[in-house]
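**Q** I have a structure here, written as C-alpha cells, and I will follow up with some questions on it.
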Amino acid sequence: MSDAYLALEDGRVVEARGRVSGRTRGELVFTTAYTGYEESLTDPSYEEQVLTFSYPLIGNYGVREERFESDRVHPRAAIAREFTEDVVEWLDVEGIPAIDHLDTRELVTSIREEGAMKCGIAVGPGATPEDAKAELADCKGMSEHTDIGAQVSVDDPVVYEGGSDATVALIDCGAKGSITDSLLERGATVHVLPYDATPADVAAVDPDILFISNGPGDPENFEAAEALVDEYVGDLPVAGICLGQQVVANALGGSTEKMSFGHRGVNQPVRDLESDRVVMTTQNHGYTVGDPGDRLNVTQVNVNDGTAEGLENETLGVLTRQYHPEAHPGPNDSLDFFDDVLDLVSTDTPVATSD
C-alpha cells in the first residue's frame, strides 16, 4: 500500500489507497459497465482520460489478452472501489497509475452532477496532495488535444484479408479491434488506414465502403477524416461508429457538441424510430451530434436523453451508429449493423478519384 491522492477540478482532494505508483492527469469519467473491464481499459476512446469504474469489484474473472481491444491500456489512470491483484499486476506492467479504497459512488455522483472534470493523480511513497494538484494544473481539456488521433491510430496501412465480398477502407481514429473482427467475420477484406489518410490513400485501396471508426476526443479535431467523407460521399457508401458518426455529421453539414458526462457503459437503451424496438447497447463517448443538418435523418435515439444514436441517408448510402454494435463486451442486440453496412455495397458503385 502507498499514498494516493486525486485532485479534482472542483477543488476537492480525495485520499485513496495506491495500487500502482505514478503521476498523471486527464479528464475524469466513469463507466457503468459491470463486466468488460479488459475491453474498457484497452479501448482507444479512453485516451487522455482517467477511468472510474462504478461497479465496486474490478478483476473478479482475471485478465485475458484475447479480450483486449488494442495492444495497450489507454486511460491515463484507473480508479475502482477495489481492484483485484490480477488487474493491479496488469496495470503495473502497463505503467498505468491505479487507486482504490475510495467512495466511487460519491465520485460518480459528482461527475453526473458537475460533468466530466479535469483531475490530477499522485500515487506512491511520499506522494502528497500538492503533487496531485500540480498534475491537475497541467491538465488539458479534451478539445485541446488537437492531434489525439496520432496517439491511437496505426502509422501505416494494415490489410486484413477476410474474403471477396467487400473491400472496406477503415479509417483508424482509434478503432476497437472488434470492429475489424466483425467485418472479417462477414467476408470483408479490411484495409486499416491512418486517421490522417488522404483521398489518394483511399483511392489506392479501391474500396467498396468508407468506414470511419470510433476514437477519443473532439470530432472537430479529426479534419482529415471529415475531408474523406466530404470527398467520397455519394460515390462510396459511408459508415461510421461513435466518433465516426460525429465526423460524418460534421462533414455533411451537421454539428457536434460536448456532453456533460457522456455515455459510457454496456446498458444504454436505444430506440429505433421506425420499428419502435429498444435495444441495449455498449457506449463510450463524451461528444454527440447536436444537429444532424439537412442531409442526415435521425433513425435511432437514446431513451434516456434523446440524443442521436443512428443517422442515415439512403440516397447517399450513409449509415452510422453512435453506440458500439460490435458488442464487446456486450450486449449482442445490435450486431446486425455490420450486415446492413455490407448490404450498402453495390458492384457498380464507382470510386471517386482525388483531384
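Using UniProt numbering, read the sequence shown as starting at 1 and increasing by one per residue. All residues carry an ideal CB built from backbone N, CA and C; glycine is no exception. Since the structure is predicted, the reported quantities are computational estimates derived from the model, not experimental observations.
Between the alpha carbons of Phe83 and Gly290, how many angstroms are there, rounded?
**A** Going by the C-alpha atoms only, they are around 37 Å apart.
**Q** Would you call the region 113–130 in contact with the region 158–176, where contact means no fewer than 3 C-beta pairs closer than 8 Å?
**A** Judged by Cβ distances under 8 Å, the region 113–130 makes no contact with the region 158–176, as fewer than three pairs qualify.
**Q** Thinking just about the alpha-carbon of each residue, which of Thr180, Asp208, Gly162 and Ala175 is nearest to the one in Ala188?
**A** For the residues Thr180, Asp208, Gly162 and Ala175, the minimum Cα distance to Ala188 belongs to Gly162.
**Q** Between the region 37–56 and the region 66–84, do at least 3 Cβ pairs fall closer than 8 Å?
**A** Enough Cβ pairs lie closer than 8 Å, so yes.
**Q** Quick check on DSSP: helix, strand or coil for Ala204?
**A** The answer is helix: DSSP assigns Ala204 an H, G or I state.
**Q** Since Asn297 is in the alpha helix (DSSP H), which residue starts that stretch and which ends it?
**A** Taken as a continuous stretch (DSSP letters only), Asn297 belongs to no alpha helix (DSSP H), being part of the beta strand (DSSP E) at Asn297 to Asn302.
**Q** Does DSSP put Tyr55 in a helix, in a strand, or in coil?
**A** Residue state, collapsed to three classes: coil.
**Q** What does a CB cutoff of less than 8 Å around His101 pick up in its chain, not counting 5 residues either side in sequence?
**A** Excluding residues within five positions, the ones whose Cβ falls inside 8 Å are Ala16, Arg17, Arg81 and Glu82.
**Q** Around the C-beta of Ala175, are 16 or more other C-beta atoms found within 10 angstroms, so that it is buried, or is it exposed?
**A** Ala175 comes out buried.
**Q** What residue from Pro97, Asp3, Asp294 and Thr104 has the CA that sits closest to Ser54's CA?
**A** If we check each option's Cα against that of Ser54, Thr104 comes out closest.
**Q** In the structure shown, what three-state DSSP assignment does Lys258 receive?
**A** Strand.
**Q** Can the beta-carbon of Pro97 be found less than 7 Å from the beta-carbon of Thr52?
**A** Not a contact, by the Cβ cut-off of 7 Å.
**Q** What's the gap between the Cα of Phe338 and the Cα of Leu210?
**A** Answer to the nearest angstrom: the Cα atoms are 13 Å apart.
**Q** What number of angstroms, rounded off, separates the C-alpha of Ile212 from the C-alpha of Phe30?
**A** Their backbone Cα atoms lie some 25 Å apart in a straight line.
**Q** Quick one: complete alpha helix (DSSP H) runs, 4+ long, within the region 36–119?
**A** 37–41, 85–94 and 104–114, all fully within the region 36–119.
**Q** Please classify Lys118: is it buried, with 16 or more other beta-carbons within 10 angstroms of its beta-carbon, or exposed?
**A** Counting Cβ neighbours within 10 Å, Lys118 comes out buried, since at least 16 surround it.
**Q** Might you give, ordered along the chain, the residues of its own chain that have their beta carbon closer than 7 Å to the beta carbon of Arg19, omitting 5 neighbours on each side?
**A** So the list reads Phe83, Val88, Ala98, Ile99 and Asp100, once near-sequence residues are dropped.
**Q** Relative to the C-alpha of Ser153, which candidate in Lys140, Glu114 and Ala225 has its C-alpha closest?
**A** Of the candidates Lys140, Glu114 and Ala225, the one whose C-alpha sits nearest the C-alpha of Ser153 is Ala225.
**Q** At the level of alpha carbons, what is the spacing between Tyr287 and Gln300?
**A** Spanning the two alpha carbons is a distance of roughly 16 Å.
**Q** To the nearest angstrom, how far is the alpha carbon of Leu335 from that of Glu144?
**A** Their Cα atoms are separated by approximately 34 Å.
**Q** Are Thr315 and Gln245 touching if we call contact CB-CB under 7 Å?
**A** Result no, Cβ atoms of Thr315 and Gln245 do not sit closer than 7 Å.
**Q** Ordered along the chain, which non-local residues of its own chain (more than five positions away) have a Cβ less than 8 Å from that of Pro269?
**A** The answer, listed in chain order, is Val278, Val279, Met280, Thr281, Asn302, Val303 and Asn304.
**Q** Please name the residue in Pro194, Tyr5, Gly253 and Glu9 whose C-alpha comes closest to that of Val159.
**A** Cα-wise, what sits closest to Val159 is Pro194.
**Q** Is the beta carbon of Val50 closer than 7 Å to that of Trp90?
**A** Cβ distance not < 7 Å, so Trp90 and Val50 don't count as in contact.
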